[in-house]
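Heads up: the protein sequence lines correspond to chains A and B, in order. 319 is the number that full-length UniProt numbering gives the last residue of the first sequence; the numbers go up by one with no jumps. 319 is the number that full-length UniProt numbering gives the last residue of the second sequence; the numbers go up by one with no jumps. Each residue gets a CB set at the ideal place from its N, CA and C atoms; glycine is no exception. Read the structure below first, then the notes.
There are 2 protein chains.
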Amino acid sequence: MANIRDVAKQAGVSVTTVSRVLNDHPYVTEEKRLAVEKAMEELGYYQNINAIHLSKGETRLIGVAVPFINHSYFSTLLNGIADQALVRDYNLVFYQTNYQEQEERKALEALKRKQVDGLLILSRASGWEAVDEYQEFGPIVVCESSNHTRIPCVSVDHYEAFRFGMRYMIQKGHRHIGYCIGRMNGTNSNLREMAYCEELEFIEEPYRKDWVFNNCLTIEDGKRVANEYMSLEERPSALLITSDQVAAGFRMEAEKQGIRVPADVAILGFDNHPIAEALDLTTIELPLHEVGMSLVEKVSSKNPTSAIYPFELVERGSV
Amino acid sequence: MANIRDVAKQAGVSVTTVSRVLNDHPYVTEEKRLAVEKAMEELGYYQNINAIHLSKGETRLIGVAVPFINHSYFSTLLNGIADQALVRDYNLVFYQTNYQEQEERKALEALKRKQVDGLLILSRASGWEAVDEYQEFGPIVVCESSNHTRIPCVSVDHYEAFRFGMRYMIQKGHRHIGYCIGRMNGTNSNLREMAYCEELEFIEEPYRKDWVFNNCLTIEDGKRVANEYMSLEERPSALLITSDQVAAGFRMEAEKQGIRVPADVAILGFDNHPIAEALDLTTIELPLHEVGMSLVEKVSSKNPTSAIYPFELVERGSV
DNA sequence: TTGTATGCGTTATCAT
DNA sequence: ATGATAACGCATACAA
């Protein structure tokens, strides 16, 4: 592979001049520029990007740590991230963490070792301290409802969204309300739990453990919940469900088994994924594509700030 | 940022020795190793990965060009790719091309400029020549049914899968068969078209342009097709549909409008996505996760070969 | 077992 | 307007 020195020699100029034409710098005569271009052509020259990275100390790469990709919540975020990265001329390197701290650490190390200029964490298993520890090595933005003052977060306010959903159900006359959650111990899940408990307290209803369904991420999980729901002695009349995917699985399975939505049980999803419209699911729309774009904006600034995006109720026929 | 020379000086050894302990090379006394480790600790040293890349001439990065990510076909492939990349200690850089030749070119250029050691193309708008042109710069594997002898392909045999689907419908007594396609001019779409025409000829039925539905990628597209279907003067009794997503949209909308599946129209999806089970969709299962893993295996070998993965009929209640 | 010197390919500083 | 030279940080052939 021909390098910049070969080109310089071939063109009868210095490497500096070659570098100048490469980077469209001023102060190079048309004559020399042509000579350089001719030499590049002849030698089949192209720049080695690693050398540029080393020399410049930046890679125009943004790392994205995501638990798994084949999940509409994350892939929608990623779509927004990719769109904005394109605009800002960044490329993306992708770390599938599967909620393993060890894999999240790899992404953080990549930032430290200058593989990427910044890091986006879409969800995490590691504690805040682990993340905080790496902030000195470059901008990090987390996609979570912010309650950490030192780490920039861009997200929807999951706490408020969930509380809004609860109040909506209450206003519709429901008092026996259950809910589904993605995984225990996630930040967003904790916020939902908190909102749930507070609203329950508000209407003076007890917390019933068997009305809380854990590990709900996929359509299949929704089906599973439907079956668990049916085997309940006492059933809630309303359910707030992790996502539209899970809500869809729930609705399809429940109706197959003769449960009527919303007559027997009202359900509310989150995201406003196309599947929600197809299944006539009332849902709380989260602007995930926008959040994704915002994440890239934030991480590409020297001092990222936090931002919270609004949600919106989309009323359909499941409540 | 402390570099390897600083560590060497601090430890009172040469850079070579430091490099040796960094890379677990033999021939370094325990004493010096300790001194080096101590120095690294004191200076807060860590390796700069770009320097390693430049020096070694490899990045352990694999590029993945994908039209868009928020689509279950691609995100399932990507999930397999990421899983296998993890095993083989590769990271992934992600190029969202949106079927723009210009963006695909960027991914190819990244290979040429040594940003990535190999490139995976999940689907493309560019011609074979454009891809072929870059093969000299590193391994490229395309996720398509192979008919190009020079470019390695790993995929499901979409032609055979579609033909199999046609024969299945025919065997079920259908003679008026239509189909949905993702986009015209895609390799896989062309193969499906070919299989469709051949089987039509086989049963001596005419090709009816209004029974072929283009641009079908999402649930919404399925709904649209259902409406187009209903406005048809003469309707086919069976439909082969791009993917389970589209088939799901079709079924939901059609049934909402009083069309019975499979009594009025039999439908067959592809992929065996969870939504297919939820909606009782007969489908042709494609081992996309495996294909994804295989893509990484192939691209990480010096001379990638092609491979075709088998499909499997999953009979449910939509045919 | 250890160190010296050179290569990797580019950008940036500074002098001219 | 142009060029010599020093970074950038690491790996490695070769010598010792």
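If you draw a straight line from the Cα of Q257/A to the Cα of M230/A, it is about 9 angstroms long. A307/A has V154/A as its beta-bridge partners, per DSSP.
Within the segment 154-231 of chain A, the runs of beta strand (DSSP E) at least 3 residues long that lie entirely inside it are, in chain order, 154-156 and 177-180.
Boundaries of the beta strand (DSSP E) around Q96/B: N91 to Q96. Secondary structure at I81/B: helix, using DSSP grouped into helix, strand and coil. Under the three-state reduction of DSSP output, L34/B falls in the helix class. Counting only unbroken stretches of 4 or more residues, the alpha helix (DSSP H) elements lying wholly within the UniProt domain "HTH lacI-type" (2-56) of chain B are 4-11, 15-22, 30-43 and 49-56, in sequence order. For the segment 161-183 of chain A, there are no residues whose beta carbon sits under 7 angstroms from a beta carbon of chain B. Using a Cβ distance threshold of 8 angstroms, R163/A and E199/A count as a contacting pair.
Between the segment 174-187 of chain A and the segment 298-318 of chain A, the count of C-beta pairs closer than 8 angstroms stays below three; the two stretches do not touch. Taking a Cβ-Cβ cut-off of 8 angstroms, the neighbours of N48/A in chain B comprise L54, R113 and K114, given in sequence order. Judged by DSSP in its simplified three-state form, I275/B adopts helix. The three-state reading of DSSP puts T76/B in helix, counting H, G and I together.
With a contact defined as Cβ atoms closer than 8 angstroms, I121/B and A85/B miss out at about 16 angstroms.
With respect to chain B, the C-beta atom of V154/A has no partner C-beta closer than 8 angstroms. Between S294/A and V154/A, the C-beta gap is smaller than 8 angstroms, which places the two residues in contact.
Cβ-Cβ separation between Q115/B and I219/A: approximately 37 angstroms, too far for a contact (criterion under 8 angstroms). Contact between V7/A and A39/A holds: CB atoms are separated by about 5 angstroms, below the 8 angstroms threshold. Residue burial annotation: M252/A is buried, with at least 16 other C-beta atoms found within 10 angstroms of its C-beta. In this chain, V265/A is not harboured by any beta strand (DSSP E), its DSSP state being neither H nor E. DSSP lists G63/A and I140/A as the beta-bridge partner residues of L119/A. DSSP places A110/B in the helix class (H, G or I) of the three-state scheme.
Beta-bridge partners assigned by DSSP to L288/B: none are found. For the 8 angstroms CB-CB criterion, N98/B and L78/A do not form a contact. Out of S123/B, A130/B and D89/B, the CA that lies nearest to the CA of E109/B is found in A130/B. Any Cβ of chain A closer than 8 angstroms to the Cβ of A65/B would place that residue at the interface, and such an atom is absent. Around M252/A, the beta-carbon contacts reaching into chain B at under 7 angstroms are A278 and L279. Taking the Cβ atoms as the reference, G182/B lies roughly 26 angstroms from L111/B, outside the contact range of under 8 angstroms. Here the C-alpha atom of L268/A lies approximately 44 angstroms from the C-alpha atom of R60/B. Closest in alpha carbon position to K298/B, among E255/B, A248/B and R88/B, is R88/B. Between E133/A and I140/A, the alpha-carbon positions lie close to 11 angstroms from each other.
Close CB contacts of L232/B within its chain, under the 7 angstroms cut and outside five residues either way in sequence, are with D210 (chain order).
The C-beta of G249/B comes closer than 8 angstroms to at least one C-beta of chain A. In this structure, G249/A sits near G222/A, with a CB-CB distance shorter than 8 angstroms. CA-CA distance, A107/A to S55/B, rounds to 22 angstroms. H158/A is classed as buried because its beta carbon has at least 16 other beta carbons within 10 Å across all chains shown.
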